[in-house]
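See structure below.
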Amino acid sequence: MSLPWVEKYRPQTTAEIVSHERIKSQISAFIDQNALPNLLFHGPAGVGKTTLIKSIARQMFGPAYQNQIIEINASDENGIDVVRDKISAFVKTKQLFQTEQKTKLVVLDECDQMSSVAQGALRRIIELSAGQARFCLICNYISKVIPPLQSRCAVFRFRPVPKEQCIEMLQRVALAEALSCDNQTLNAVYEVGCGDMRQSINLLESCAMSGKPMTHELVFDIAARPSQTVSKQFIQPMTFQERYDYSLEILASGVSLEDLIAAVYKEIMKDSTVAQTQKQKWIKSLAGIEEAMQLGADLRSQLAGFVGTISDLPL
Ligand SMILES: Nc1ncnc2c1ncn2[C@@H]1O[C@H](COP(=O)(O)OP(=O)(O)OP(=O)(O)O)[C@@H](O)[C@H]1O
Ligand SMILES: [Mg+2]
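Just so we're aligned, residue 69 is where the sequence shown starts under our numbering, counting upward by one.
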């Protein structure tokens, strides 16, 4: 079976990773000076945190890098004792015929899922292994990592991949797969992914696998997101009943109310003819509806509220 595109096109070197220029150059400088500190990467999903640490390991250790790095998913392991045992066994292992012990790399993914007691114990493990290993802690939410752990690391914040770089990577994949996609299609893929490169590449693959011509409409359709045509049409003048029926039609095509609200919100924000104070009022009511949805409120009543809010638009 062939590899999914996210793995097939996972960058192998730091140069192939798009965006994160400052982080890449700072870490390269640490490596050049042979002074890599413990690292803490945090940021949203699918932006290249794991890919970057793997490419750094390749850069530091060469082709045999697999022997010098251990990846532990903190949320998979049953408690800090298992983590401690794994790490200490790993740092002590010496390769056959290797005369001097090289510093190893311990990657602890999803460390924000560890309890604060386990994180507390990790401080000690990091200190005891200082002679033999460097740590790279990875998480989505830095606020869940205890401050003493943060202070033992050089902290790097990963941002969502910006539009230009995301499209550059998508073009690279499309070229390698001999896919013909115009800019509008790639823009749509970016718009759905919002800087999550993994999601964008997965979506591009799903669209290609559908066997249909690559268009922005196909992208929105496969992602079950309302297209711009739909959201533009949605705020055109019509009666409450017409808009309510139109919403039901959109929801029946698989779009969620949350996604419809997000698309309409974007459309309103783009409209330069609407006064700022008016926009604030609508955003407040849209936010109220979204919150109620998340708390499990009834779909139909929230839909009616949403259509009512939009019907207040002075069109
Ligand atoms: N900056 C990037 N440049 C090129 N490809 C990227 C980039 N970021 C992510 N990707 C693609 O997305 C896939 C997933 O990236 P990665 O595993 O590094 O994400 P992550 O930030 O570790 O996410 P998570 O927090 O969910 O673990 C990679 O295999 C690669 O195909
Ligand atoms: Mg990761």
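Cβ atoms here follow ideal geometry from the backbone N, Cα and C, with glycine treated the same way.
Asked                                                                                                                                                                                 : Found
Compare the C-alpha of I303 against each of T82, L328, D144, L104 and name the closest.                                                                                               : L328
If the criterion is Cβ atoms closer than 9 Å, does the pair V175 and S87 meet it?                                                                                                     : no
Using only Cβ atoms and a threshold of 7 Å, which residues come within that distance of a heavy atom of ligand 4? Order them by chain position.                                       : Ligand 4 is absent from the structure shown, which contains only ligand 1 and ligand 2.
Is the CB-CB distance between L272 and L238 below 9 Å?                                                                                                                                : yes
Quick one: give me the first and last residue of the alpha helix (DSSP H) that V174 is part of.                                                                                       : Element bounds for V174: not the alpha helix (DSSP H) but the beta strand (DSSP E), 172-177.
For E195, which residues from the same chain have a beta carbon less than 6 Å from its beta carbon, with the 5 sequence-adjacent residues on both sides left out?                     : none
I believe I53 touches H110 by the beta-carbon criterion, under 8 Å. Please report the beta-carbon distance rounded to the nearest angstrom.                                           : The structure shown does not extend to residue 53, since the chain is modelled only from 69 through 383, so no value can be given for it.
Indicate whether C207 and Q233 have their beta-carbon atoms separated by less than 9 Å.                                                                                               : no
What first and last residue would you give for the beta strand (DSSP E) that runs through F226?                                                                                       : No beta strand (DSSP E) holds F226; DSSP gives it neither H nor E.
Mark R293 as exposed unless 16 or more other C-beta atoms lie within 10 angstroms of its C-beta, in which case mark it buried.                                                        : buried
Buried or exposed: which applies to R266, given that a residue is buried once 16 or more other Cβ atoms fall within 10 Å of its Cβ?                                                   : buried
Give the single residue among D177, Q136, F224 whose Cα lies nearest to the Cα of E89.                                                                                                : F224
Measuring only from the beta carbon, is A242 closer than 8 Å to any heavy atom that is part of ligand 1?                                                                              : no
Can you find a C-beta in chain B that's less than 9 Å from the C-beta of I269?                                                                                                        : No chain B is present in this structure, which holds just one protein chain.
Please tell me whether, using a cut-off of 8 Å, the distance from the CB of P112 to the nearest non-hydrogen atom of ligand 1 is below it.                                            : yes
Using 10 angstroms around the beta-carbon of M277, count the other beta-carbons present and answer buried if the total reaches 16, otherwise exposed.                                 : exposed
Is it true that the CB of C179 sits closer than 9 Å to the CB of L190?                                                                                                                : yes
Could you tell me the distance, in whole angstroms, from the CA atom of F73 to the CA atom of S274?                                                                                   : Checking the sequence, you will find Trp at residue 73 rather than Phe. Approximately 10 Å, taken between the alpha carbons.
For M69, count the other beta carbons within 10 Å of its own beta carbon; 16 or more makes it buried, fewer makes it exposed. Which is it?                                            : exposed
If you draw a straight line from the alpha carbon of P105 to that of V151, how long is it in whole angstroms?                                                                         : 20 Å
Cβ-heavy atom distance between M182 and ligand 1 below 8 Å?                                                                                                                           : no
List in chain order: all unbroken alpha helix (DSSP H) runs of 4+ residues lying wholly within the segment 341-370.                                                                   : 344-362
Which class does A246 belong to by DSSP, given the choice of helix, strand or coil?                                                                                                   : coil
Please work out which residues of its chain come closer than 8 Å, Cβ to Cβ, to I269, disregarding the five sequence neighbours upstream and downstream, and give them in chain order. : W73, V74, Y77, M237, L238, V241
Could you tell me which residues DSSP puts in a beta bridge with N141?                                                                                                                : D177
Should F374 go down as buried or exposed, given a rule of 16 or more other Cβ atoms within 10 Å for buried?                                                                           : buried
At the level of alpha carbons, what is the spacing between K338 and L286?                                                                                                             : 23 Å
Note the first and the last residue of the continuous alpha helix (DSSP H) segment covering H88.                                                                                      : Segment: none, H88 is in no alpha helix (DSSP H) and carries neither H nor E.
Extract the residue ranges of the alpha helix (DSSP H) inside the segment 253-341, only unbroken runs of 4 or more that lie entirely within it.                                       : 265-277, 284-290, 296-302, 308-320, 325-338
Going by DSSP, which residues form a beta bridge with R389?                                                                                                                           : Any property of residue 389 remains undetermined from this structure, which presents the chain solely from 69 to 383.
Looking at ligand 1, does it come within less than 8 Å of A150, judged from the CB to the closest heavy atom?                                                                         : Per the sequence shown, the amino acid found at residue 150 is Val instead of Ala. Flag unset: Cβ of V150 not near ligand 1.
I need the straight-line Cα distance from A365 to E359, nearest angstrom please.                                                                                                      : 9 Å
Give the secondary structure of L383 by DSSP, where H, G and I count as helix, E and B as strand, and everything else as coil.                                                        : Caution is warranted here: a pLDDT of 49 is assigned to L383, below 50, making its placement in the model unreliable, and the coordinate value is therefore given only provisionally. Coil.
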